[in-house]
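*Asks:*
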Amino acid sequence: MGQFKENQLVDRLAAAAKAREATIARLRARPGADDPTVLARQAARRAIVQAREVRVAEREAARQAAEARRAAEAAAELERQAAEVARLAAERAEQQAQLAAAQKAARDARFAARKAKARR
Numbered sequence: 000m001g002q003f004k005e006n007q008l009v010d011r012l013a014a015a016a017k018a019r020e021a022t023i024a025r026l027r028a029r030p031g032a033d034d035p036t037v038l039a040r041q042a043a044r045r046a047i048v049q050a051r052e053v054r055v056a057e058r059e060a061a062r063q064a065a066e067a068r069r070a071a072e073a074a075a076e077l078e079r080q081a082a083e084v085a086r087l088a089a090e091r092a093e094q095q096a097q098l099a100a101a102q103k104a105a106r107d108a109r110f111a112a113r114k115a116k117a118r119r
C-alpha cells in the first residue's frame with residue numbers, strides 16, 4: 000500500500016500562486032471594449048433586445064385590440080338585450096291596450112243592452 004503524501008505548505012502556496020497567475024492570464028487575454036468581436040456581440044444583443052421590445056409591443060397592441068373587440072361585442076349584446084326588452088314591453092303594452100279596449104267594448108255592449116232593455 001502506498002504511503003499517503005501530505006501537501007507541504009510550500010506546495011499549497013505554489014498551487015495557489017499558479018491558480019492566481021492562470022486567472023490573471025485569462026483576464027488579460029480577454030478582448031478589450033473596442034475589439035470588433037465585442038462590438039459585434041454588443042450590436043447583436045441590442046438587435047435582440049429591440050426585436051423583443053417590438054414583439055412585446057405587438058402582443059400588447061393585439062391584446063388591446065382583442066379587449067376592445069370584446070368590449071364592443073359586449074356593448075352590442077347589451078344593446079340587443081335592451082332592444083329585446085323594449086320590444087317585449089311594447090308588445091305587452093299593446094296586448095294590455097287591446098285587452099282594455101276589448102273589455103271596454105264588452106262593458107259598453109252590456110251597458111247598451113241594459114239601456115235598450117230598459118227602454119222597451
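So the sequence shown is numbered by numbering that gives the first Met the number 0: it starts at 0 and just counts up by one. All C-beta atoms, glycine included, are put in the ideal place defined by N, C-alpha and C. It should be emphasised that the depicted structure is a prediction, and the values quoted were computed from it without experimental measurement.
Using C-beta distances below 8 Å, list every residue in its chain close to A56, excluding the 5 sequence neighbours before and after it, in chain order.
*Replies:* Here residue 56 refers to the residue found at position 57 of the sequence shown. Nothing listed; no residue qualifies.
*Asks:* State yes or no: is the C-beta of P30 within less than 7 Å of the C-beta of T36?
*Replies:* Your numbering for residue 30 matches position 31 in the sequence shown. Your numbering for residue 36 matches position 37 in the sequence shown. Contact flag set, yes.
*Asks:* What would DSSP say about Q94, mapped onto helix, strand or coil?
*Replies:* For the purposes of this step, residue 94 is identified with residue 95 of the sequence shown, where counting begins at 1. Three-state DSSP puts Q94 in a helix.
*Asks:* Look at the alpha carbon of A67 and the alpha carbon of A82, and state the distance between them as a whole number of angstroms.
*Replies:* Along the sequence shown, read from residue 1 onward, the residue named residue 67 stands at position 68. Along the sequence shown, read from residue 1 onward, the residue named residue 82 stands at position 83. When rounded, the distance between both Cα atoms is 22 Å.
*Asks:* Does DSSP put R106 in a helix, in a strand, or in coil?
*Replies:* The count along the sequence shown starts at 1 and reaches residue 106 at position 107. Here R106 sits in helix by DSSP.
*Asks:* If you follow the alpha helix (DSSP H) that D10 is part of, which residue opens it and which one closes it?
*Replies:* As a first step, residue 10 must be located in the sequence shown, where it is residue number 11. Per DSSP, D10 belongs to the alpha helix (DSSP H) from 8-28.
*Asks:* Can you tell me the Cα-Cα spacing of R69 and I47, whole angstroms?
*Replies:* One-based indexing of the sequence shown puts residue 69 at position 70. One-based indexing of the sequence shown puts residue 47 at position 48. C-alpha separation (whole angstroms): 33 Å.
*Asks:* By the three-class DSSP mapping on this structure, what secondary structure does A32 have?
*Replies:* Within the sequence shown, residue 32 is the residue found at index 33, counting from 1. Note: A32 maps to coil in three-state DSSP.
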